[in-house]
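Numbering (the working numbering), first residue to last: 125 to 474.
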């Protein structure tokens, strides 16, 4: 089916989160619930975050109010977070990593950087949105989209008879040369999700052919997945190719982007993992549990724009359901993680 473009503002109120993923053996040591909140006063939690800073602040402040624990965080793009956590494997500096696509969490799982934690709140999320072994839990879903600045398009492009960009092939048209901004897949999880989804849909060789053609039209590659929406919203570039939630968030702030989830679009689960060997289990587990609650979900709703992993969190009136989006039905985030090294090597040679 074809997905009709819609104003990103329609999604601005939609949000997500709520409880976590799947359940597990209650007898297992790693399934033991976190200690009571009142025992955390004076404890300190360090988290790395690869999502919006406003979201991290809201969760940190609410968790502190509820438990007494101090929370500090460092915001890092996905690629930098993975590199830093890998380098710190033998002497971890963070307790939790939140944000970043699930394929990046799969990479850390395979490297032994993260550890299993079967939170008691892992009961409300469908199995496809969490790791079957309990190493990461899905927080929200993100779908790739093409977003264009409506004001600039109407003023500069529409009078010339140019049609708005809605498909991946549209992005290759000469009229859009120098008007596209998208994340660098070597640094951004958003960017890597894009090239991995292309590789799985087209095959690696055809995907690289497409990416080489696209590169000729791209004006800027960014380390952050959010930046393209910001700059397109501000009118610096016409087109942003990144996650829909970022585009809708910009639109909700008054800079209108018209977004299209293109056919067979890539998607990912934005996830959370517990870091192995930190030795701060009580507060880390408590925070993990907290992020998987509806209360935490309300903060995510207020500070971002995304699609809930929890099916009990409905979209607002007029917002399409996830099942109605033309997303790839074959995209495999675990496979994406496994092919990451070879894909990036090929991409770097373009």
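C-beta atoms are modelled at their ideal positions from N, C-alpha and C, and glycine is treated no differently.
Classified as exposed, residue 251 has fewer than 16 neighbouring CB atoms from the shown chains inside 10 Å of its CB.
Contact annotation, residue 452 with residue 389: C-beta distance approximately 6 Å; criterion of less than 8 Å satisfied. Counting along the chain, residue 168 sits inside the beta strand (DSSP E) bounded by residues 168-174. Counting the other Cβ atoms within 10 Å of the Cβ of residue 235 gives fewer than 16, which makes it exposed. Of the candidates 183, 179, 395, 165, 165 places its Cα closest to the Cα of residue 193. Note on geometry: alpha-carbon atoms of residue 246 and residue 324 lie some 29 Å from one another.
Its chain contains 270, 289, 304, 338, 341, 363, 365 as the residues whose beta carbon lies nearer than 8 Å to that of residue 295, once the 5 sequence neighbours on both sides are disregarded; these appear in chain order. When DSSP reads this structure, residue 225 sits in a beta bridge with 394.
With a cut-off of 8 Å on Cβ pairs, the stretch 259-267 is in contact with the stretch 395-414, counting three or more such pairs.
In its chain, beyond the 5 residues on either side, 170 have a beta carbon closer than 6 Å to the beta carbon of residue 196.
Here residue 313 is buried, its C-beta having at least 16 other C-beta atoms within 10 Å.
By the C-beta density criterion, residue 257 is exposed, having fewer than 16 other C-beta atoms within 10 angstroms. If you draw a 10 Å sphere on the C-beta of residue 230, you find 16 or more other C-beta atoms in it, and that means buried. Partner residues in the beta bridge of residue 196, as assigned by DSSP, are 170. In terms of Cβ geometry, residue 308 and residue 345 form a close pair [threshold 9 Å]. Taking 3 residues as the shortest admissible run, the stretch 227-307 contains the following complete beta strand (DSSP E) segments, listed from N- to C-terminal end: 260-273, 304-307. Taking a C-beta distance under 9 Å as the contact criterion, residue 174 and residue 205 qualify as a contact pair. In this structure, DSSP gives residue 365 an extended state, which the three-state scheme calls strand.
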